[in-house]
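Here's the structure we're looking at; comments come further down.
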Amino acid sequence: MLDTSRRAHLPDPTGSRDRDHRRCIPSGTRGSWRTTAGRPRPRRGRRCSRATGAGSATRPPGRTARDRESAVGGQAPAAMVLSCADSRVPAELVFDLGLGDLFVVRTAGQVVDDAVRGTLAYGAGALGIPLLVVLGHSHCGAVKAAVSVAAGGDTPAPAPLGWLVGDIAPVCSGEGDEAVAAAVDANVRREVEQLGTEPALGELVRDGRLTIVGARYDLETGAVVGL
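In this text, residue positions in the sequence shown follow numbering that gives the first Met the number 0: the first is 0, and each later residue adds one.
Structure follows, in structure tokens:
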């Protein structure tokens with residue numbers, strides 16, 4: 000189970016690093032991870048207090064001066080997250096974390112290219128981040144497009160969109176919502192496997208300095224399920 004109590008498993012902001020990241024990883028490779036994303040959240044207007052001080056809402060994580068000051072000296076995030084660029088799946092909100100807690104890379108369908116590989120290699124190598132979560136999500140538009148193209152229902156889009164869809168299409172089979180759901184999971188598993196064989200990341204995995212896991216965020220429930 001993923002412990003998402005804020006900062007419970009995060010490194011000290013001064014730069015000292017807690018290498019025991021086991022609480023960040025679900026027990027086994029399957030099962031639900033605890034998140035707070037499914038809880039009702041106050042509307043933005045109520046969440047952010049007015050300058051007059053009216054209201055009792057607290058500031059979102061990372062918005063206080065102390066949070067910002069602690070990040071000035073450098074970064075020491077507890078985990079990297081490769082996730083979709085979909086506006087409904089910001090990793091910091093999914094896991095109820097804040098400024099400096101996560102090293103996040105986002106692309107449509109969390110498709111991997113050279114820029115993504117280089118960014119993750121920097122996070123794992125230069126920053127020493129011990130955990131990479133590949134996070135897909137339900138109702139992914141990029142995966143839906145890939146399923147439709149793979150089934151022959153749509154003409155592939157011109158580059159560069161066509162490249163994104165074409166990268167996902169090989170894991171797609173069938174049509175409809177069930178096919179999309181299956182492809183979301185298959186895409187995550189494929190990316191976990193591929194990233195583990197990348198020269199820079201693979202060496203860290205073999206040395207026990209990096210763990211790569213896959214997960215899916217469910218838009219309806221707010222649950223994160225390990226794959």
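Ideal Cβ placement from N, Cα and C applies to all residues, glycine included.
Predicted, not measured: the structure shown is a model, and the values here were computed from it.
- Residue state for residue 208 is assigned as coil, using DSSP reduced to three classes.
- Comparing alpha carbon positions, the residue from 135, 75, 197 closest to residue 216 is 135.
- Partner residues in the beta bridge of residue 214, as assigned by DSSP, are 134, 225.
- Rounded to whole angstroms, residue 126 and residue 151 show a C-alpha spacing of 44 Å.
- Excluding its 5 nearest sequence neighbours in each direction, residue 103 has C-beta neighbours in its own chain below 6 Å: 80, 90, listed in chain order.
- Taking the C-beta atoms as reference points, residue 124 is found nearer than 8 Å to residue 203.
- Counting along the chain, no alpha helix (DSSP H) covers residue 126, and no H or E run does either.
- With fewer than 16 other Cβ atoms from the protein chains shown falling within 10 Å of its own Cβ, residue 72 counts as exposed.
- Sequence-distant partners of residue 163 (beyond 5 residues in either direction) whose C-beta falls short of 7 Å from its own C-beta, in its chain, are 107, 108, 110, 141.
- Judged by pairs of C-beta atoms under 8 Å, the stretch 170 to 186 does not touch the stretch 91 to 98, as fewer than three such pairs exist.
- Secondary structure note for residue 80: it is in no alpha helix (DSSP H), and the uninterrupted beta strand (DSSP E) holding it is 78 to 83.
- Judged by their CB atoms, residue 133 and residue 187 are nearer to each other than the 8 Å cut-off.
- DSSP places residue 101 within a strand segment (E or B) once states are collapsed to three.
- Distance between residue 144 and residue 64, taken at the CA atoms: about 42 Å.
- Per the coordinates, the alpha-carbon of residue 208 lies some 17 Å from the alpha-carbon of residue 101.
- Rounded to whole angstroms, residue 114 and residue 121 show a C-alpha spacing of 11 Å.
- Straight-line measurement puts the Cα of residue 185 at about 18 Å from the Cα of residue 84.
- In the three-state reduction of the DSSP assignment, residue 106 falls in the strand class, which pools E and B.
- Counting other Cβ atoms within 10 Å of its Cβ, residue 160 stays below 16 and is therefore classed as exposed.
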